[in-house]
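Numbering (our numbering), first residue to last: 79 to 430. Backbone N, C-alpha and C fix where the C-beta goes; we use that ideal spot for every residue, glycine too.
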Amino acid sequence: MTYLTKPRWHHPTLATNKVGYTRRDYEGKISTLCAGCGHDSISAALIQACWQLDIEPHRVAKLSGIGCSSKTPDYFLGASHGFNTVHGRMPSVLTGANLANRDLLYLGVSGDGDSASIGLGQFAHVMRRGVRMVYIVENNGVYGLTKGQFSATADHGSRSKKGVVNPEHPVDLVTMALQLGATYVARGFSGDKAQLVPLIEGAIRHGGAAFIDVISPCVAFNNHAGSTKSYDYIRDHNEAVNRLDFWPSRDAITSDYAPGEVIEVPAGAEGSMLRLRKLHADYDPTDRINATSMIASAAAKGEVLTGLLYVNPDSEDLHAHLNTYEASFNTLGTKELCPGSGMLEKINAALR
Ligand SMILES: Cc1ncc(C[n+]2csc(CCOP(=O)(O)OP(=O)(O)O)c2C)c(N)n1
Ligand code: SF4
Ligand SMILES: [Mg+2]
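Listed below in structure tokens is the structure:
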């Protein structure tokens, strides 16, 4: 793969965060995506969120599949761990890595082709297992890398650049994630960074499977009239259910939200809070059934509902379900790994 590295030089007066890094320390290589691609804005939002939350880059593992979207982990968090897997297979590799070492922040980055077509089975099981991760689909409704075929998230009746009308019905990953048991479900738009950054921050602090569907226009193959994933279409049909602020536990909560319009939800184990200003009076993000029905009614009107759609503040993750050993595998010594023939006897006896 061709790539361009960025110069390492930092201006000495650049602001640093609580762990001593500048925002530039969270960048990666220079992007080779098309100018104006929504995916680059998502990388910028991820950089911003990780810098603001004082996450040490070496405590992050980025995993992706194949596609323009799956190339993006090369363009942010250059000092983090990374694994560019096979098309549609990122979730199983992420699950394995998470089981071996729960102490890292797992960022799964995927595309609508990668997750809703070839990887749909893997997507379904990683959500229902509750793997603690931030899973982002950079959703442009096409296979961008292979030059613009409809993906499984393309809307019925939408038009390709060549004028072909899509005869098939779409997979809605947000509805699927909700139904399958993800405990933090959101939808954002790459063109709305003010909404996207706190959505990512909330997902990072969430204690279970966090899924964010980000509508991310493909300027090369899906940004024309007739597309329902273009910048113009999403700007005209975007209906936000709430506005989110993320408050790390160390900060005092100050906000100009009127009290009656605000819901506060714990964000995770560390005492951080999510503050949501309701834009839809009847929207309660902790009510999964209501969330599913609001998403369906918006879709029936041709609207795209964005914001924090669902959160379960009391979520559990796969480690809790499996009651796993707390230490990461790379810290285990010979004693833990080879507990001796007596223990083997005991295990074998229990299986007879
Ligand atoms: C097993 C396998 N099948 C097919 C392909 C060809 N292929 C590469 S990327 C891609 C689709 C990518 O679409 P998406 O995940 O939506 O990413 P985007 O490029 O739109 O960001 C396909 C079908 C492949 N690389 N591997
Ligand atoms: S082809 Fe589309 S998805 Fe790929 S980099 Fe270009 S604009 Fe982005
Ligand atoms: Mg795509």
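Euclidean distance between Cα positions of residue i and residue j
| i | j | result |
| --- | --- | --- |
| residue 225 | residue 240 | 12 Å |
| residue 170 | residue 396 | 13 Å |
| residue 405 | residue 359 | 44 Å |
| residue 148 | residue 409 | 30 Å |
| residue 244 | residue 216 | 20 Å |
| residue 375 | residue 366 | 14 Å |
| residue 371 | residue 264 | 15 Å |
| residue 92 | residue 102 | 9 Å |
| residue 79 | residue 106 | Interpretation of residue 79 is limited by its pLDDT of 48, a score under 50 that renders its predicted location unreliable; the figure taken from the coordinates is listed afterwards. For residue 79 and residue 106, the distance between alpha carbons rounds to 15 Å. |
| residue 150 | residue 185 | 12 Å |
| residue 200 | residue 178 | 19 Å |
| residue 432 | residue 378 | Missing from the structure shown is residue 432; the chain here goes from 79 to 430 and no further. |
| residue 108 | residue 426 | 54 Å |
| residue 295 | residue 301 | 6 Å |
| residue 407 | residue 173 | 14 Å |
| residue 88 | residue 129 | 15 Å |
| residue 30 | residue 86 | Past the edges of the chain, shown from 79 to 430, lies residue 30, and the structure says nothing about it. |
| residue 327 | residue 391 | 15 Å |
| residue 373 | residue 364 | 14 Å |
| residue 430 | residue 393 | 35 Å |
| residue 344 | residue 256 | 19 Å |
| residue 110 | residue 270 | 22 Å |
| residue 402 | residue 164 | 27 Å |
| residue 422 | residue 398 | 24 Å |
| residue 247 | residue 418 | 56 Å |
| residue 95 | residue 348 | 18 Å |
Whether residue i touches residue j by CB criterion (7 Å)
| i | j | result |
| --- | --- | --- |
| residue 209 | residue 162 | no |
| residue 120 | residue 350 | no |
| residue 342 | residue 356 | no |
| residue 389 | residue 262 | yes |
| residue 312 | residue 293 | yes |
| residue 278 | residue 157 | no |
| residue 297 | residue 146 | no |
| residue 242 | residue 183 | no |
| residue 123 | residue 249 | no |
| residue 32 | residue 284 | An answer regarding residue 32 cannot be provided, because it is not within the stretch 79 to 430 covered by the chain. |
| residue 238 | residue 306 | no |
| residue 134 | residue 187 | no |
| residue 125 | residue 99 | no |
| residue 315 | residue 381 | yes |
Minimum C-alpha distance to residue i - residue among the options
| i | options | result |
| --- | --- | --- |
| residue 231 | 261, 291 and 360 | 291 |
| residue 142 | 108, 152 and 309 | 152 |
| residue 325 | 377, 131 and 430 | 131 |
| residue 77 | 386, 286, 303 and 375 | The structure shown has nothing for residue 77, since the chain only spans 79 to 430. |
| residue 220 | 365, 275 and 117 | 117 |
| residue 362 | 183, 380, 322 and 378 | 322 |
| residue 368 | 416, 319, 412 and 399 | 319 |
| residue 194 | 178, 173, 174 and 228 | 228 |
| residue 206 | 284, 192 and 259 | 259 |
| residue 155 | 300, 354 and 83 | 83 |
| residue 189 | 172, 144 and 412 | 144 |
| residue 223 | 115, 317, 304 and 419 | 115 |
| residue 273 | 317, 247 and 95 | 317 |
Where residue i sits in the DSSP three-state scheme
| i | result |
| --- | --- |
| residue 411 | coil |
| residue 271 | helix |
| residue 298 | coil |
| residue 233 | coil |
| residue 125 | helix |
| residue 173 | helix |
| residue 342 | strand |
| residue 385 | strand |
| residue 179 | coil |
| residue 149 | helix |
| residue 252 | helix |
| residue 362 | coil |
| residue 352 | strand |
| residue 244 | coil |
| residue 223 | coil |
| residue 99 | coil |
| residue 371 | helix |
| residue 426 | helix |
| residue 399 | helix |
| residue 186 | strand |
| residue 314 | helix |
| residue 438 | The displayed coordinates of the chain run from 79 to 430. Any statement about residue 438 would go beyond what the structure contains. |
| residue 392 | coil |
Nearest-angstrom Cβ-Cβ length linking residue i and residue j, presumed shorter than 8 Å
| i | j | result |
| --- | --- | --- |
| residue 140 | residue 160 | 5 Å |
| residue 252 | residue 387 | 6 Å |
| residue 288 | residue 168 | Actually they do not touch by this definition, with Cβ atoms about 15 Å apart. |
| residue 35 | residue 280 | Any question about residue 35 goes unanswered here, given that the chain covers just 79 to 430. |
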